[in-house]
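Have a look at the structure below, then the notes.
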Amino acid sequence: MEPARPPTASPLGADFPPVLTAAMAAELLQVNVEYLRRMVREGRVPCHRFPGGRELRFLRDELLTWLASLPGDDQSSNAAMTPDRA
């Protein structure tokens, strides 16, 4: 019998579709959906609206790029392994 292998880590957001609803985007960003809506109203997060409607849609890759561009220390496991962090 072959030993069980630990699951490999998937890239951030890989479990999400390319176009997200507000609830899905909030889950991806790990924030409350009302907080995400407030950030949209304040123009702090990239968002797309249907013409004439209130429906919000978010592009997964756009959100991930926005998240990576925020100031602050990158505490991801990949950042800890880069040579310039010795």
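Residues are numbered in my numbering as their position in the sequence shown, beginning at 1, plus a constant of 1415.
We put the CB at the ideal spot given by N, CA and C, even for glycine.
Local conformation of residue i per DSSP, three classes
i            : result
residue 1456 : helix
residue 1427 : coil
residue 1475 : helix
residue 1485 : coil
Cβ neighbours of residue i in the same chain (closer than 6 Å, five flanking residues each side left out)
i            : result
residue 1448 : 1437, 1438, 1441
residue 1481 : 1461
Identity of the residue in the options nearest residue i by Cα
i            : options                : result
residue 1472 : 1485, 1451, 1457, 1487 : 1451
residue 1445 : 1433, 1458, 1427       : 1427
residue 1455 : 1434, 1466, 1478, 1433 : 1478
Beta-carbon contacts of residue i that lie in its chain and below 7 Å, excluding the five residues immediately before and after
i            : result
residue 1431 : 1439, 1443, 1475
residue 1470 : 1464
Closer than 6 Å: residue i CB and nearest the ligand FAD heavy atom
i            : result
residue 1487 : Looking at this structure, you won't find the ligand FAD or any other ligand, since it has none at all.
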